[in-house]
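Novice:
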Amino acid sequence: MLSEAKPPGLGRALAPLVLAAVAVALPLVLRAFGLEFYLSLATRIVVYAIAATSLNLVLGYGGMVSFGHAAFVGIGAYVTAVLISEGATSGLLHLAATVAVTAAAAFVIGAISLRTRGVYFIMITLAFAQMLFYLANSVKGYGGDEGLNIRARSLFSLGARILDLKEPLAIYYVSLAVLAFALVALARFAPSRFGRAVLALRDDDVRAEALGFPTYRYKLVVFVVAASLGGIAGALGANLQGYVSPNLLHWTQSGTLMVMVILGGVATVWGGVIGAAVLMLLQEVLGAYTEHHEFWIGWILLAVVLFARHGLSGLLAARRAPRAS
Amino acid sequence: MTSAAAQPPLLEVRGLEKRYGGVVATDRVDLDVHAGDVHALIGPNGAGKTTLVAQLAGQLASDRGTIAFAGDDITRLAAHERARRGLVRSFQITRLFRSASVIDNVALAVQAVAGTSLRAWRPVGRDTALFARAREVLDSIGLGAKAGHGVDELSHGERRALEVGMTLASRPRLILLDEPMAGMGPDESARMEALVAASAATSTVLLIEHDVDVVFRLADRVSVLVGGRVIATGAPAAIRSDAAVIAAYLGEEQR
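If you read the sequences in order, they're chains Y and X.
Quick note on the numbering used here: the first sequence kicks off at 1 and runs consecutively.
Quick note on the numbering used here: the second sequence kicks off at 1001 and runs consecutively.
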């Protein structure tokens, strides 16, 4: 139904713009109400939204249930933190190195894992991620299991001025820009030639290959691109926290990203964003009332999985535009 | 056929084997399919027809033997490389892309062989060439009015027609049709028969089919597969009167 160009409803077209405006104005609003403290939460949500969106690309659109996605986020965080601790503060260098290293790792891991399918693929990606988790634990020179504190942050020179990601506003807006780019790219990808081929091989890769699509190569491309975006999220996270630790690569982090994607909506452009925002706000709000907030979040996730097949973004879309058959 | 000696066959299979443990699914199969023919492959259930198709199209690796297509050895090529050379199959059990509309399924089939698909920024809806061909295919299989529908909304016969339509869409040189009429009513079968006959005008067809009446109407040549072996190949009339074929498959009533 992608081909039948439906005129998008006004609400559907305006909603992203309204959201973008709110996101851009948020720091001003927070300052006006003296709630600057929440800017760091907002930035964390944006960074997690990037990571969840990258997982949604490989899991939702690509149909590859990668259970080791946090490893790529962690690699990105470590690459940036290690470079900074070695005295290299160029943000462009951090970005280039992050993408290069995560893409290379994803290429190797993907090339091997994508020879398997189903539950074997889940297990082998998990195994690779756990290997990297233990590797991060064992590198004593960069903190080992205690993690690594970084004093400086990524610096970007904009002509005469220097953009320092230590500034709360700078890290917020840079993360927001990365997220916006990722969402626009994802929205363009879905109805493109490549996006449709990827959806086709998610539906039935035997048929897709029989028709002439090099399915293995396409899956590997998606896997590597998603991992690179995850790595960028990790680099931003390292800048935000000023600290990296092996826990970033732990499988429970991969699980959290998966929960975000499923909660927000698998294979929807906004799924990762909605999932990250809702989950982290729930943790924040419920965490203020009870120690057992994970218990209640579990019930909410259960309800979403049972009653909203396309996650929360599916619910929103259904309310706005009842499906005409 | 008379042209057989003049040029090498489009598809040339020699000594092809496939074993599962002790079971021989494909047993030293030799098969020549000549350009322009409708070549039917018949045989009882369990004869190994679908296994052979999967070996020819590349879903299954062969244990021994060679497959040559248009003069090139394709025995070790991946399925997508065979498709891009013009050897495309349909499936006995319908395989469609569920999250795409009817016309998108066909457009994807056209796209699959049309060079690279790594363009990730431009909406495909502007690819008029893809959709012009897809519409043409839909009209030819009688699904023109259902272009925008989801594939789950189609009847069994329509889904079978779409299955075959996707296979024809890229104008392959050789079409492998694995029981295109499986589970169809008489009307739908007749329409499918006409479709196969029409596609034979532009492509070579290897047709796996149970209905021997259809086979003898459509085929230029017939091969009979029994127990993984080709026990006879020839013109329909010769096959119909072949003693071994009658004993193994056709039985008395077909005489």
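Virtual Cβ for every residue (Gly too), placed ideally from N, Cα, C.
1) Could you compute how far the alpha carbon of X/ALA1237 sits from the alpha carbon of X/ALA1244?
2) Do you know whose CA, among Y/VAL18, Y/ARG188, Y/LEU17, Y/TYR48, lies nearest Y/LEU240's CA?
3) Consider the Cβ of X/LEU1250: report whether some Cβ of chain Y lies at a distance smaller than 8 Å.
4) What's the gap between the Cα of Y/SER40 and the Cα of Y/ALA170?
5) At which residues does the beta strand (DSSP E) containing X/ASP1027 begin and terminate?
6) Assign Y/HIS94 to one of three DSSP states: helix, strand, or coil.
7) Would a C-beta distance cut-off of 8 Å place Y/VAL259 and Y/ASN56 closer than the cut-off?
8) First and last residue of the alpha helix (DSSP H) that includes X/GLU1017?
9) Does the beta carbon of X/LEU1130 fall short of 7 Å from some heavy atom of the ligand HEM?
10) Please classify Y/ARG153: does DSSP put it in a helix, a strand, or coil?
11) Taking all protein chains shown into account, decide if Y/PRO322 is buried (16 or more other Cβ within 10 angstroms of its Cβ) or exposed.
12) Is the Cβ-Cβ distance between Y/GLY230 and Y/SER154 less than 8 Å?
13) Within 10 angstroms of its Cβ, does Y/GLY212 collect 16 or more other Cβ (buried), or is it exposed?
14) Output yes or no for whether 8 Å exceeds the beta carbon distance between Y/THR43 and Y/ALA227.
15) Near Y/GLU284, what residues of its chain come up, given a Cβ to Cβ distance below 7 Å and the 5 sequence neighbours on each side ignored?
16) Output needed in chain order: residues of the segment 1082 to 1094 of chain X with a Cβ under 8 Å from some Cβ in chain Y.
17) Pairs of beta-carbons, one from the segment 275 to 284 of chain Y and one from the segment 81 to 88 of chain Y, closer than 8 Å: are there three or more?
18) Go through its chain and collect everything with a Cβ distance to Y/ALA233's Cβ below 6 Å, but skip five positions before and after it.
19) Please compile the residues from chain X whose C-beta is within a distance smaller than 8 Å of the C-beta of Y/PHE189.
20) Closer than 9 Å by beta-carbon distance: list the chain X residues that pair up with Y/ASP204, in chain order.
21) Are X/ALA1169 and X/LEU1143 closer than 8 Å when you measure CB to CB?
22) With a cut-off of 8 Å, does the C-beta of X/GLN1055 fall near any C-beta of chain Y?
23) With a threshold of 8 Å between beta carbons, is X/HIS1080 in contact with chain Y?
24) By DSSP, does Y/ASP205 sit in helix, in strand, or in coil?
25) At a Cβ threshold of 8 Å, is X/SER1170 touching chain Y?
26) So, is the C-beta of Y/PHE223 closer than 8 Å to a C-beta in chain X?
27) From the DSSP secondary-structure annotation, give me the bridge partner or partners of X/PRO1123.
28) Below 9 Å on C-beta distance, what does Y/PRO16 contact in chain X?
29) Thinking just about the alpha-carbon of each residue, which of Y/GLU291, Y/GLY255, Y/ARG309 is nearest to the one in Y/ALA276?
30) If you drop the 5 nearest sequence neighbours on each side, which residues of the same chain put their C-beta closer than 8 Å to that of X/ARG1095?
31) Would you check if the segment 69 to 84 of chain Y and the segment 266 to 275 of chain Y touch, i.e. whether three or more CB-CB distances between them fall below 8 Å?
32) Could you check whether X/HIS1039 and X/LEU968 sit closer than 8 Å to each other, using their CB atoms as the reference points?
33) At a Cβ threshold of 8 Å, is X/LEU1225 touching chain Y?
34) Classify X/ARG1255 as buried or exposed, calling it buried when 16 or more other Cβ atoms lie within 10 Å of its own Cβ.
35) Taking C-alpha atoms, which residue in X/GLU1179, X/ALA1134, X/VAL1113, X/MET1184 lies nearest to X/GLU1158?
36) Start and end of the beta strand (DSSP E) containing X/THR1223?
Specialist: Let's see:
1) 14 Å
2) Y/TYR48
3) no
4) 11 Å
5) 1023 to 1033
6) helix
7) no
8) Premise fails: X/GLU1017 lies in the beta strand (DSSP E), 1011 to 1020, not in any alpha helix (DSSP H).
9) As presented, the structure is devoid of all ligands, the ligand HEM included, so that no description of it is given.
10) coil
11) Here the model assigns Y/PRO322 a pLDDT of 48, short of 50, so the residue's position is not dependable, and the following value carries that caveat. Looking at its Cβ environment, which holds fewer than 16 other Cβ atoms inside 10 Å, Y/PRO322 is exposed.
12) no
13) buried
14) no
15) LEU41
16) ALA1083, ARG1084, VAL1088, ARG1089, PHE1091
17) no
18) VAL47, ILE50, ALA51, VAL73
19) ALA1120, TRP1121
20) ARG1095, LEU1096, PHE1097, ARG1098
21) no
22) no
23) yes
24) helix
25) yes
26) no
27) Y/SER192
28) Neighbours of Y/PRO16 on chain X: none; closest Cβ ~17 Å, over 9 Å.
29) Y/GLY255
30) GLU1163
31) no
32) Because chain X is modelled from 1001 through 1255, residue 968 of chain X falls outside the range shown and cannot be assessed.
33) no
34) Its pLDDT being 44, under 50, X/ARG1255 is placed unreliably by the model, and nothing is read from it.
35) X/MET1184
36) Before going on, a small fix: residue 1223 of chain X reads as Ser here, not Thr. Note, X/SER1223: beta strand (DSSP E), 1221 to 1226.
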